[in-house]
Structure formats: structure tokens, C-alpha cells
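Structure first, then comments.
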Amino acid sequence: NAKLQFVWNNLNIREQQVTQEIRHRICEQHDCLLLLIEALSRTDPTTAARILLKRVDIAAENIGDLLKVYPCKKTEKEESIFDAPPLPDISEERLQWALGMIEKNHQAWEQSAEEKGKSMVDSVRDDAEEIIEAASEAIEKSSVTLAKELEDIASHWRWMTVVAIAVALAIGCAAAIFLCPQYVLCFMRYCLVWCRHKE
1 NAKLQFVWNN LNIREQQVTQ EIRHRICEQH DCLLLLIEAL SRTDPTTAAR
51 ILLKRVDIAA ENIGDLLKVY PCKKTEKEES IFDAPPLPDI SEERLQWALG
101 MIEKNHQAWE QSAEEKGKSM VDSVRDDAEE IIEAASEAIE KSSVTLAKEL
151 EDIASHWRWM TVVAIAVALA IGCAAAIFLC PQYVLCFMRY CLVWCRHKE
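Structure follows, in C-alpha cells:
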């Protein structure tokens, strides 16, 4: 997360720098355009006013350092002072359009980045939860299987131990009967005496 945050912050800083540079260039272009219009207003104030106001139904004149603009009467087409619509401010329009697009893209980018950041965090959290659930299920299944196997092994060994003890006792008894019959007879007499004595 720290690396992603560092990259994200660097991208934001770079985007802000680029946006500031573009805005600065737009301001410079606008200032240059205004200087050109100011120079034009000294020789042709009507054209300068029409460019500034983007209207054709006006006239203008210089009075000192001021540009006086006033509406003009409708002139016939033959008497056109300026036979064209106002000059489109191509560079300013393009720059404004570019600035608007950058602003929209920046907002959309931030919004999508927040959504991606949220969705990334959500997806990572969801993936982690799925992995944890799968791991807990696997551990539970394996622990149940392991417990069952251990129980089977323990019961198997219990039976083996019981059988081994029974076999050992049987062998011991058989050996005692065949090797020492007098001890067996003595033990049997003792048991009979004890049973009679109890009755």
C-alpha cells in the first residue's frame, strides 16, 4: 500500500504541475491576444471591439486610452465596414477547450481512481476473506480427517495391544501347562478350595 500511495501521490503532483503549466500558458496566450487587440484598436477600433465582444452590430472609437463602444445602425450589405463575422478566437477557444477537457479528465481520473482504489481495496479484502474462508475450510476438513485417522490408528493399536496381550497370556498359559503341570494343578486346587471356602 505504501508503494502504491507513493506512486499515486507522484502522479497527482505531476498532474497538478502539468495543469498549472497549461493554465499559465493559457494566461500568456490570452495576454498576447489582448495585446494584439489593443494594438489593433489604435488603428481600427471597430474591428478590435467586434473581436473582443464577438458581435457585429457595434462600432467603436478611441477616446484617449479608452475604447468607446456603441451600437450602430443597421447598415446595408454594400456599406459593410467589416465584411466578416467576428474573428473566432481560435487559440483561446482551443486553450479553453483543452483546459476544460483536462479539468474534466482530472475529475474523472480522480473519481475513477477513488473508485478503483475502493474497488481495489474491496477486491483485495474480498480475496483475502475468500482465501481465509477456503483455508479455514481446508484446515477444518484436514483436522477432521486427521482426527479420524488418528482415532483409527489409536483403535487399531488398542486392538493390536489387546490381541498381543491375549496371545502372550495364551502362550504363557500354554507354556505353563506343558512345562509345569504341577503348578497348574496346584493353582486349580487352590481355586477349588477357595470356591468351596466361599460357599
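Heads up, the final residue of the sequence shown is numbered 199 in my numbering, and it's a clean run with no missing numbers. Just so you know, even glycine gets a beta-carbon here, dropped at the ideal spot from N, CA and C.
V69 has A60 as its beta-bridge partners, per DSSP. In this chain, N1 is not harboured by any alpha helix (DSSP H), its DSSP state being neither H nor E. C-alpha of E38 to C-alpha of H24: approximately 21 Å in a straight line. Under the three-state reduction of DSSP output, D44 falls in the coil class, being neither helix nor strand. In this chain, the alpha helix (DSSP H) harbouring K198 covers 181-198.
In the structure shown, R14 adopts helical secondary structure according to DSSP, grouped into three states. L40 is positioned such that its CB atom lies closer than 7 Å to that of A48.
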